[in-house]
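In the working numbering, the protein residues as written are 873 to 1140.
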Amino acid sequence: MELSSKQIEQFNKDGYIIFPELFTSDEIEIFKNEVDRVSKIRSEMVVREGEDEAVKIMFQLHEENVETASPPFRTAARSPRILRTAQQCLGDEELYLHHSKLNMKSAIEGSAWPWHQDFHSWHLDGIKQPDMVTVTVVLTEASPINGCMYVLPGSHKQGRSSPRWDDSTAYKLWVAKTPDMKEYMKKFPAPVPITGGAGTTAIFHCNLLHASGHNLSSEDRWQIFFCFNKCSNRPVDVESPRPEYVRSTNWRPLQIGPNLITIDQRKL
Ligand SMILES: O=C(O)CCC(=O)C(=O)O
Ligand SMILES: [Fe+2]
């Protein structure tokens, strides 16, 4: 898959592009079976919460030789639809994955992610330049009622705003300060929801402000995130680095692989 120069221009201007139902229903079926399989694994990379131990996040599905390794998600991360899109938006062919994670926002209980820029945490990981993008694929239909993501168009352009640490939600992360956020909402076009059928995919810049709401629906919302960095922008050493599954040190450039996700790749 090759983006047109118009699409790259749109990415540079708005900070994101949405591709409706980029993965087929057969591919989504394979992904969902993988989600069921991996979510049963007991590992620090499978984060559970609450009394019923519902899985909240699963990490590192794209890697080899880890407990959560998933050949279909590994193939997806290297597919032209994902890797080539990231390469084109970053204007660099040598990329690696800083991490991947699958957020399972559970029915009724799955809570909001406040407005934030991802690059805050990644800068603290030792990454100097905001030359990173995330490709996210919705694995279940995404809608406002099930807590779909929203992006604030063009907000990546203002650079990094000074964040505040927020531990009031289940996620605990650096978020945009409320007075700043009110200003940004006046300054930039209205937030855009990333909605659509399963397989809908979006790419967004690491400084783009984004958020998502509570899941008020009766179905879980599953969404995977592949966070790419330029190999030339790999992190410098930091004191007490976060674990490998969120701050990868596998800095070898990813090679483009097959485009289609097929059942055979389960055994790869
Ligand atoms: O799952 C979501 O809705 C948002 C997740 C997110 O922004 C993040 O993991 O940084
Ligand atoms: Fe985020």
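No residue lacks a Cβ here, since even glycine has one placed at the ideal position from N, Cα and C.
- Scanning the region 1041-1112 from its first residue to its last, the whole alpha helix (DSSP H) runs of 4-plus residues come out as 1050-1059.
- For S972, the enclosing beta strand (DSSP E) begins and ends at 967-977.
- Counted as a single uninterrupted DSSP element, the alpha helix (DSSP H) harbouring D886 occupies residues 877-886.
- Residue pairing by DSSP leaves D964 without any beta bridge partner.
- In the structure shown, R1036 adopts extended strand secondary structure according to DSSP, grouped into three states.
- With fewer than three CB-CB distances shorter than 8 Å, the region 947-965 does not count as touching the region 1046-1061.
- When only Cα atoms are considered, S1112 and Y888 end up about 32 Å apart.
- Taking 7 Å as the cut-off, the C-beta of S1104 does not count as close to any heavy atom of ligand 1.
- Assignment of alpha helix (DSSP H) within the region 933-964, counting only whole runs of 4 or more residues, yields 943-950, 957-962 in chain order.
- The C-beta distance from T1067 to S1015 rounds to 5 Å, short enough to meet the 8 Å contact threshold.
- When only Cα atoms are considered, E881 and L875 end up about 10 Å apart.
- Less than 8 Å separates the beta-carbon of N1018 from that of N1087.
- H970 is a Cβ neighbour of S1120, given a cutoff of 8 Å.
- For H1082, the shortest separation between its Cβ and any heavy atom of ligand 2 lies below 7 Å.
- Contact check for L1081 against A1048 passes: the beta carbons are separated by less than 8 Å.
- For ligand 1, no non-hydrogen atom lies closer than 7 Å to the CB of F1098.
- The region 1006-1015 and the region 891-908 touch, with three or more beta-carbon pairs separated by less than 8 Å.
- For V1010, the uninterrupted beta strand (DSSP E) segment begins and ends at 1004-1010.
- At least one heavy atom of ligand 1 lies less than 7 Å from the C-beta of W985.
- The beta carbon of W1123 is closer than 8 Å to those of Y968, C1103, R1106 in its chain, skipping five residues each way along the sequence.
- In the three-state scheme derived from DSSP, where H, G and I count as helix and E and B as strand, V927 is classed as strand.
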